[in-house]
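Trainee: If you read the sequences in order, they're chains R and P.
Using our numbering, the letters of the first sequence map in sequence onto residues 11 to 125.
Using our numbering, the letters of the second sequence map in sequence onto residues 69 to 178.
Every residue gets a Cβ at the ideal spot worked out from N, C-alpha and C, and that includes glycine.
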Amino acid sequence: DAGVIQSPRHEVTEMGQEVTLRCKPISGHNSLFWYRQTMMRGLELLIYFNNNVPIDDSGMPEDRFSAKMPNASFSTLKIQPSEPRDSAVYFCASSVGQGRDSPLHFGNGTRLTVT
Amino acid sequence: GDSVTQMEGPVTLSEEAFLTINCTYTATGYPSLFWYVQYPGEGLQLLLKATKADDKGSNKGFEATYRKETTSFHLEKGSVQVSDSAVYFCALSGNEKLTFGTGTRLTIIP
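If you want it as structure tokens, here you go:
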């Protein structure tokens, strides 16, 4: 089991550029979550999918953020245009079910720096 | 709505000391409770869980008991090691989505 795979591990970009973060969940998991972690705000849920369908995107900060899950084995989180305040570590996690009793399995994150 | 309040950090202990990290919660219904751990440079991973009142979750020498009367799920370990240095998150899963606490950074010095 390779676990949840995120790419890239580090991303440095300039303000205004488009950023795309990628996630491959664990095979057989039907829920996928995107989180953002910062020192100031801690861990924030941005969006989660169940069976490839977005269920709750109330945590997405604004229209600059978008997420897709075109199939069960791939998801993207896009920021366009990026801003310095988007600098954070972005985690993808997957689970069987919606995480109520089955644990979330996290990737190692993408550290995004926007200058 | 659901919420989790956990002990402010950072916490620094000597090796072999006793550890307690407090966690209390507010939720409707009967939530499941979790402790996750985050090692440097990694994502969170499940440490232990309890799904009903009076259940005790345990793993790697850590324990936590689901106390409905005090709405608590305190994390304990009898003798910590340097390798336990990490950030610990309490979380609950009730009728709403999984809710995490703010995390407690633990540093163990030899």
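In chain R, what lies closer than 8 Å to G171(P) by C-beta?
Mentor: Within the second sequence, numbered from 1, the residue matching residue 171(P) stands at position 103. In chain order: G52, L53.
Trainee: Between the C-alpha atoms of E110(P) and Y156(P), what's the straight-line distance to the nearest angstrom?
Mentor: As a first step, residue 110(P) is located in the second sequence; it is residue number 42 there, counting from the start. As a first step, residue 156(P) is located in the second sequence; it is residue number 88 there, counting from the start. If you take the alpha carbons of E110(P) and Y156(P), they lie about 13 Å apart.
Trainee: Output needed in chain order: residues of the region 108 to 119 of chain P with a Cβ under 9 Å from some Cβ in chain R.
Mentor: So the close ones are G109, E110, G111, L112, Q113, L114, K117, T119.
Trainee: Listing by chain order, which chain B residues have their CB less than 7 Å from the CB of F116(R)?
Mentor: Looking at the structure shown, chain B is missing, and the protein chains on hand are R and P.
Trainee: Pop quiz: S100(P) and K117(P) are said to be a contact at Cβ under 8 Å. What is the actual Cβ separation, rounded to whole angstroms?
Mentor: The count along the second sequence starts at 1 and reaches residue 100(P) at position 32. The count along the second sequence starts at 1 and reaches residue 117(P) at position 49. Contact holds; Cβ gap of about 6 Å.
Trainee: Are the C-beta atoms of D96(R) and some chain P residue less than 8 Å apart?
Mentor: Translated into positions along the first sequence, residue 96(R) becomes position 86. No, D96(R) lies away from the interface with chain P (no Cβ there is under 8 Å from its Cβ).
Trainee: Does the region 80 to 89 of chain P come into contact with the region 142 to 149 of chain P, if we say contact requires no fewer than three beta-carbon pairs (one atom in each stretch) closer than 8 Å?
Mentor: Taking 8 Å as the limit for Cβ pairs, the verdict is that the region 142 to 149 of chain P does touch the region 80 to 89 of chain P.
Trainee: Note down, in chain order, every chain P residue with its Cβ under 9 Å from the Cβ of G119(R).
Mentor: Counting from 1 along the first sequence, the entry for residue 119(R) is found at position 109. Per Cβ cutoff of 9 Å: G109, E110, G111.
Trainee: Does the pairing of the region 70 to 77 of chain P with the region 71 to 82 of chain R give three or more beta-carbon distances under 8 Å?
Mentor: The answer is no - the region 71 to 82 of chain R does not touch the region 70 to 77 of chain P, with fewer than three Cβ pairs under 8 Å.
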